[in-house]
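Using the numbering used here, read the sequence shown as starting at 9 and increasing by one per residue.
Just so it is clear, CB atoms sit at the ideal spot from N, CA and C, and this is done for glycine as well.
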Amino acid sequence: MTNAETPRRSPARPSSGVATEAGAVRAASGPDSARPHTAGAPLSGVVVPLVTPLDRQGRVRADDVARLVDSVRAEVTALMPTLSSGEGWLLTEAQWRDMVAATVDCADGLPVIAGVQLPDTGAVVTRTRLAAELGADAVAVTTPFGAGVGQEDITTHYERVLGAGSPVLVYNEEALSGNRIEAGTLARICRLPGVIGVKESSGDPAFTRQLVAAGLGVPVFEGWENLLFQVPGVAGFIGPLANLEPALCAALLRHPTPALQAEVDAACETYGILRDDWYLHVKRALVARGVISTDTTAQDARAAAAAAEAAP
Numbered sequence: 009m010t011n012a013e014t015p016r017r018s019p020a021r022p023s024s025g026v027a028t029e030a031g032a033v034r035a036a037s038g039p040d041s042a043r044p045h046t047a048g049a050p051l052s053g054v055v056v057p058l059v060t061p062l063d064r065q066g067r068v069r070a071d072d073v074a075r076l077v078d079s080v081r082a083e084v085t086a087l088m089p090t091l092s093s094g095e096g097w098l099l100t101e102a103q104w105r106d107m108v109a110a111t112v113d114c115a116d117g118l119p120v121i122a123g124v125q126l127p128d129t130g131a132v133v134t135r136t137r138l139a140a141e142l143g144a145d146a147v148a149v150t151t152p153f154g155a156g157v158g159q160e161d162i163t164t165h166y167e168r169v170l171g172a173g174s175p176v177l178v179y180n181e182e183a184l185s186g187n188r189i190e191a192g193t194l195a196r197i198c199r200l201p202g203v204i205g206v207k208e209s210s211g212d213p214a215f216t217r218q219l220v221a222a223g224l225g226v227p228v229f230e231g232w233e234n235l236l237f238q239v240p241g242v243a244g245f246i247g248p249l250a251n252l253e254p255a256l257c258a259a260l261l262r263h264p265t266p267a268l269q270a271e272v273d274a275a276c277e278t279y280g281i282l283r284d285d286w287y288l289h290v291k292r293a294l295v296a297r298g299v300i301s302t303d304t305t306a307q308d309a310r311a312a313a314a315a316a317e318a319a320p
């Protein structure tokens, strides 16, 4: 499993809706003007990749999930549990299931896009079906993991995942999967019925600008806080800072200026957003604010369970 234990977030330098058609979701409730307001409107604005609140035994704290969602609700267009910021690649199936279910329970009209970070297509298809059973509106899916995955393999992967029946947001990253989707491949994938957007986390703003200029037919979301000013024209943003400062992220999307980018960069420094254990630092900040109760990570819970099992 390439990089599956240690996906890196250090950036390159410098650098509850129902899908109706490709790139579209049913209107979400709420006051934010960036939200889709009519049936079939494309998703845009700030989508929050939620951290996963866990207790010391590794159980998802549904009350913490509800407080976290309430803390960002006014500024976001959709909720994305169990992706990288939610430690999706480390969660047990039970933790993943409980986090998705808890998010659906408190979504109150916001679309829920469940992250699926598993190494092979068959596992992703199975998890995608489970996401639909739990009430998620769509899934966010990366490529298969590991070396030897070609561009045709990637296209086939997404075709099979779409065959499970849920709308799919394509997650273009390399840190976890070890693979990057080429521009031509992305263009082909985005023409497949059921693709609702791209989370563009290549870390290459020139590549992102190329995708925006190409007119993929679905919205492109920037996945790096520090690059937002460099990618004018993106439809939205999906990144961990949205757990803490969604209004600031939304402001930079609406008015991409050097001054606002500097504010975002300062927030990233304050909260450790660009560190490789960013999710831990986000959790600590949320604990300090009283939004969630503990900063337990999935790795902490695994270690505690192993120690308890080994104890005489």
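Beta-carbon proximity list for residue i, same chain, < 8 Å, skipping 5 on both sides
i: Arg105; result: Leu138 and Leu142
i: Leu87; result: Val55, Val56, Leu58, Val77, Thr111, Ala115, Leu118, Pro119, Val120 and Ile121
i: Pro264; result: Leu236, Phe237 and Pro240
i: Gly171; result: Val133
i: Ile321; result: Residue 321 lies beyond the stretch modelled for the chain, which goes from 9 to 320, so this question has no answer here.
i: Ile162; result: Thr151, Pro152, Asn187, Ile189, Thr193 and Ile197
i: Ala222; result: Ala191 and Ala195
i: Gly130; result: none
Whole-angstrom distance between residue j and residue i, CA atom to CA atom
i: Phe229; j: Pro320; result: 50 Å
i: Asp273; j: Gly231; result: 14 Å
i: Val147; j: Gly96; result: 12 Å
i: Gln103; j: Val73; result: 13 Å
i: Thr151; j: Asn234; result: 24 Å
i: Asn180; j: Gly192; result: 13 Å
i: Leu200; j: Gln307; result: 36 Å
i: Ala47; j: Asp145; result: Low confidence applies here, because Ala47 scores a pLDDT of 41, under 50, leaving its location unreliable and the question unanswered by this model.
i: Thr348; j: Gly298; result: Outside the displayed span of the chain (9 to 320) sits residue 348, for which this structure offers no information.
i: Leu261; j: Ala183; result: 25 Å
i: Ala259; j: Thr278; result: 18 Å
i: Ala42; j: Thr85; result: Legend: pLDDT at Ala42 = 39, less than 50; position of this residue unreliable, no value from coordinates given.
i: Thr213; j: Gly244; result: For the sequence presented, residue 213 should be read as Pro rather than Thr. Each residue's alpha carbon lies about 14 Å from the other.
i: Ser174; j: Glu160; result: 21 Å
i: Arg283; j: Val157; result: 28 Å
i: Gly154; j: Ala316; result: 32 Å
i: Ala309; j: Ala318; result: 14 Å
i: Gly202; j: Val169; result: 10 Å
i: Cys276; j: Gly53; result: 19 Å
i: Pro254; j: Glu83; result: 6 Å
i: Gly94; j: Leu252; result: 14 Å
i: Arg81; j: Pro266; result: 26 Å
Best match in the options for proximity to residue i [C-alpha to C-alpha]
i: Cys198; options: Val220, Leu184 and Ser210; result: Val220
i: Ala321; options: Glu317, Pro152, Pro227 and Asn234; result: Any question about residue 321 goes unanswered here, given that the chain covers just 9 to 320.
i: Glu190; options: Val178, Pro201 and Leu184; result: Val178
i: Ser209; options: Leu200, Gly130, Gly202 and Val242; result: Val242
i: Val295; options: Pro213, Leu98 and Asp63; result: Asp63
i: Ser79; options: Leu249, Ala222 and Ala316; result: Leu249
i: Val341; options: Ser93, Ala311 and Lys207; result: In the structure as shown, the chain begins at 9 and stops at 320. Residue 341 is therefore absent and cannot be evaluated.
i: Ser185; options: Leu51, Ser52, Arg81 and Ser92; result: Ser92
i: Gly247; options: Glu167, Gly211 and Leu98; result: Gly211
Cutoff 7 Å; reference residue i; Cβ partners in own chain excluding five residues on either side
i: Ala109; result: Leu142
i: Gly280; result: Trp286 and His289
i: Arg217; result: Val239
i: Arg135; result: Val124 and Leu126
i: Glu271; result: Leu256
i: Leu268; result: Ala259 and Leu260
i: Glu101; result: none
Cut-off 6 Å between Cβ atoms - residues of its own chain near residue i, not counting five sequence neighbours on either side
i: Asp303; result: Lys291, Arg292 and Val295
i: Met107; result: Thr60, Val68, Pro89 and Thr90
i: Thr305; result: Leu288
i: Ala140; result: Ser174
Distance between beta carbons of residue j and residue i, contact taken as under 8 Å
i: Gly66; j: Ala313; result: 6 Å
i: Leu99; j: Ile204; result: At roughly 23 Å, the Cβ-Cβ gap does not stay under 8 Å, so Leu99 and Ile204 are not in contact.
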